[in-house]
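Everything below concerns the one structure shown next.
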Amino acid sequence: MADVNRGNRPLSPHLQIYRPQMTSMSSIMVRMTGIALFLLAFFVVWWLLAASTSEAAFVPIDWLMRSFIGDLVLFGGTWALWYHMLGRLRHVIWDFGYCLDLETAIKLGQLMFILATALALLTIVIV
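Residues in the sequence shown are numbered from 77 upward in steps of one, following the numbering used here.
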């Protein structure tokens, strides 16, 4: 028989009272950077295919990739690559059973943002 006493059960927390946490936000960002890198791969493939076909096909994509917008996209892609790599490394550390306490997990999430930014800037300076 169906449960007719639905009014007395507690409701799940809604987004209005849910406070985002560093661990959940860093996990969501790892997923978002994975999707962004997948989409960025289309530009790289487009650039390589255009370079291998003709100069007429290569000029527009090369102009886009060398423009200010292209620089921003490539910097964002570099940041996303470093962040995603650090997120995967964090999961490997967790899989071995290390750094699982909440305080360390929060610090790892913060460190991922800081290191990804520093490594992306370092990559841009070197390249």
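The beta-carbon is built from N, C-alpha and C at its ideal position, and this holds for glycine as well.
(message) For a quick check, are the C-beta atoms of residue 162 and residue 191 less than 8 Å apart?
(response) As a position in the sequence shown, residue 162 is number 86, starting the count at 1. As a position in the sequence shown, residue 191 is number 115, starting the count at 1. In this structure, residue 191 lies closer than 8 Å to residue 162 by Cβ.
(request) Could you tell me whether the Cβ atoms of residue 99 and residue 160 are closer together than 8 Å? (result) As a first step, residue 99 must be located in the sequence shown, where it is residue number 23. As a first step, residue 160 must be located in the sequence shown, where it is residue number 84. Contact: no.
(message) How far does the alpha helix (DSSP H) with residue 186 in it extend, from its first residue to its last?
(response) Your numbering for residue 186 matches position 110 in the sequence shown. From DSSP, the alpha helix (DSSP H) with residue 186 extends over 178-202.
(message) Using the three-state DSSP reduction, which class does residue 174 fall into: helix, strand or coil?
(response) Along the sequence shown, read from residue 1 onward, the residue named residue 174 stands at position 98. Note: residue 174 maps to coil in three-state DSSP.
(request) Would you check if the distance between the CB atom of residue 200 and the CB atom of residue 151 is smaller than 8 Å? (result) As a first step, residue 200 is located in the sequence shown; it is residue number 124 there, counting from the start. As a first step, residue 151 is located in the sequence shown; it is residue number 75 there, counting from the start. In contact: residue 200 and residue 151 (Cβ atoms closer than 8 Å).
(message) Just verifying my parser: in three-state terms, what is the DSSP assignment at residue 52?
(response) This structure gives no information on residue 52, because the portion of the chain shown stretches from 77 to 203.
(request) Put residue 95 into one of helix, strand or coil per three-state DSSP. (result) On the sequence shown, residue 95 is found 19 positions in, with the first residue counted as 1. Here residue 95 sits in coil by DSSP.
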